[in-house]
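Worksheet for the structure shown next.
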């Protein structure tokens, strides 16, 4: 799909999950780099501690506290959220282990688990996320200890697990001695509603929390932030020495300046305003254009919305026709769900002025 | 050792292998970051291709050509030299595989091989590097296909494999269908003598070449450059998607600007002049101060020199006394050699004015 898109710049793409390039803060990053050099000197260009750059670890602790996580002794800086996931897989998984995932789920994570030899098993989920009873049964049946979840502004559906469900899932984890890997990289992109504490905050001893600055500062910084039980962190850090020794001190120092600055709050506010307006435009366009029988999620934030078609609709079958007509999406089937009637629409990276046209083309192709 | 050093800033440390912080080009990096943003726009902050940022791949190809390696279809950008080594280990090694290494060798690489379940076997070496006949025998005896070598300005000894030896080693590799992982991160730090083509240039189909910009630009950029057979690269790139998705587009763009600029040549010349002068000072101080019976290598570049003591000298036993007296080194025993009579002196990061004093303290402690 992405190779095809590269050759068709005219296509309105709801497929790509990347941030809006127009919102990436080029001048801000350059000026933060200068600030970091002025404040910390050449140490920002030198080798640093595997665990992370001290000032960024302090900022990370503050950020985690705002999400309900108090783990200064369990935090480290990884090379992006994907680097964090790789590190933890190396530390946790043996070939043949089972990793449980909600359905649908973020497909690249499944590839990562499988590349570590794990067997991935989907667990039934509803609009509020994974079903606690199904999780409980699956943990026992598969002798599993690891479950991967994306509780907030879920990729691909945009759904968010409510507080009550978080508490129920945390209870199951604690009862079974299992560990959740909580992938929480969209949580600052909230357009309405009240913030929800991280799932990990309800199960501090049964969780690995992963977030990143890729969606709020820039993907190219490759800054992941994690929190986990300290004894697990110790194993991860030994492994990280051999994985990439350390994450760039330079981009870590820029990230520390970013999180400490008023400019970061202003930049985040601009991003939230822009993406929120796009989501509103997308929902209004779907309401006015889509044929009857189609429904969609109502995300309070993030980058994704999930459209489900009427009985008999096949999102895979329509893909080529939609693409030829000038609009792209990702069919739900790639996200490890049995449903072939769904599709993911990613709105954050689409120029605001293209959204209505894209939805019209989509509606015509359906 | 490094934890002890952190508490004793007065100690002259020949132990640390990091670049001289005074030479790290802070202002240059900031200005290159601005240049990169001006030239490529916000794409330098966005997600990019797993293989690497196009303009840096082009510069990397030029750099590799200067070292005798013509592999544009086998090049990728890794997250530092250590990231490159991790990627290739994931692609090449199964638990129980044997990795051959010269002796002494770079100890952290051995830790990496072992973390991938490999058994590491040392092969006899002399002042010119690994012995071709011993390599040949070891490849057959251990049913091994991978050998890890540091042919130029070797860490820890500073020795360089001459051209004739490179050709002999390449012949063995080709005959046995084995693969060398060539770790070549010091090669631009040449203070005298003529450049030698990379070992990989003599065995293009039997080599994985790894270099980085950590010693010439800055460690914090985390830029590794590799060349390998294209079919192996394809496997590495699939794995890298799950390891860290991609190396920072931002530091890659800075690196591309650096390699394309006259400023990089000026900066490298300054670095070479400074480190070369330190090596001269170190050798002169050793000649005037060390007790008889001590000998040392005569490196033409790099960051390390290897001192061997007289019969009965025990570098491990003297370490504490030297440290208390105010000078630190790394004992040879940690570099996977039977010899307990040797020590590694790292000179690049030591302030020029401390070298003579450090050697005097060292000589007194011996």
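Protein chains in written order, with this note's numbering: chain G, 1 to 366; chain B, 367 to 732. Just so you know, even glycine gets a beta-carbon here, dropped at the ideal spot from N, CA and C.
{"query": "Complete runs of the beta strand (DSSP E) confined to the region 117–177 of chain G [at least 3 residues]", "result": "119–123 and 146–149"}
{"query": "Residue-level contact to chain G via CB, residue 624(B), 7 Å cutoff", "result": "no"}
{"query": "The region 108–119 of chain G in contact with the region 157–176 of chain G per 3-pair CB rule at 8 Å", "result": "no"}
{"query": "Rounded separation between residue 252(G) and residue 223(G) - CA only", "result": "7 Å"}
{"query": "Residue-level contact to chain G via CB, residue 533(B), 7 Å cutoff", "result": "no"}
{"query": "Whole-angstrom distance between residue 359(G) and residue 353(G), CA atom to CA atom", "result": "11 Å"}
{"query": "Within 8 Å of chain B by C-beta, residues of the region 45–61 of chain G in sequence order", "result": "45, 46, 47 and 48"}
{"query": "Proximal residues of chain B, C-beta to C-beta of residue 321(G) below 8 Å", "result": "Ordered by position in chain B, no residue passes the 8 Å Cβ test against residue 321(G), which lies about 28 Å from the chain."}
{"query": "Beta-carbon neighbours of residue 408(B), restricted to chain G and to distances below 8 Å", "result": "21, 22, 24 and 26"}
{"query": "Expected contact under 8 Å - CB spacing of residue 121(G) and residue 139(G) to nearest Å", "result": "Wrong, their Cβ atoms sit about 10 Å apart, outside the cutoff."}
{"query": "Enclosing alpha helix (DSSP H) for residue 355(G) [first to last residue]", "result": "355–365"}
{"query": "The region 508–526 of chain B in contact with the region 654–665 of chain B per 3-pair CB rule at 8 Å", "result": "yes"}
{"query": "Separation of residue 656(B) from residue 669(B), as counted between CA atoms", "result": "20 Å"}
{"query": "Residue from 542(B), 583(B) and 599(B) whose Cα sits closest to the Cα of residue 439(B)", "result": "599(B)"}
{"query": "Contact between the region 396–409 of chain B and the region 29–41 of chain G (3+ Cβ pairs under 8 Å)", "result": "yes"}
{"query": "Test item: CB-CB of residue 498(B) and residue 534(B) under 7 Å", "result": "yes"}
{"query": "Neighbour list for residue 477(B) in chain G, Cβ cutoff strictly below 7 Å", "result": "242"}
{"query": "C-alpha distance - residue 201(G) paired with residue 714(B), whole-angstrom precision", "result": "47 Å"}
{"query": "Beta-carbon proximity check, residue 207(G) vs residue 182(G), cutoff 7 Å", "result": "yes"}
{"query": "CB-CB length for residue 586(B) against residue 248(G), believed under 8 Å", "result": "5 Å"}
{"query": "Positions along the region 217–228 of chain G whose CB lies within less than 8 Å of some CB in chain B", "result": "218, 219, 220, 221 and 222"}
{"query": "Residue 305(G) versus residue 236(G) - alpha carbon distance", "result": "34 Å"}
{"query": "For residue 65(G) and residue 368(G), believed in contact at Cβ under 8 Å, the rounded distance", "result": "Past the edges of chain G, shown from 1 to 366, lies residue 368(G), and the structure says nothing about it."}
{"query": "Sequence-distant residues of its chain with Cβ nearer than 8 Å to residue 136(G) (five each side left out)", "result": "172, 175 and 176"}
{"query": "Runs of beta strand (DSSP E) lying entirely within the region 36–105 of chain G, each at least 3 residues, in chain order", "result": "75–79 and 98–102"}
{"query": "Neighbouring residues, chain B, relative to residue 249(G) (Cβ below 8 Å)", "result": "585 and 586"}
{"query": "Cβ neighbours of residue 285(G) in the same chain (closer than 7 Å, five flanking residues each side left out)", "result": "355, 356 and 359"}
{"query": "Contact list for residue 605(B) against chain G, beta-carbon separation under 8 Å", "result": "115"}
{"query": "Element boundaries [beta strand (DSSP E), containing residue 243(G)]", "result": "First-last for residue 243(G): 230–243, but that is the alpha helix (DSSP H), not the beta strand (DSSP E)."}
{"query": "Per-residue contacts from residue 484(B) into chain G (C-beta, under 8 Å)", "result": "Those do not exist, as residue 484(B) stays about 12 Å from chain G at its closest Cβ, beyond 8 Å."}
{"query": "DSSP-derived helix/strand/coil call for residue 367(B)", "result": "coil"}
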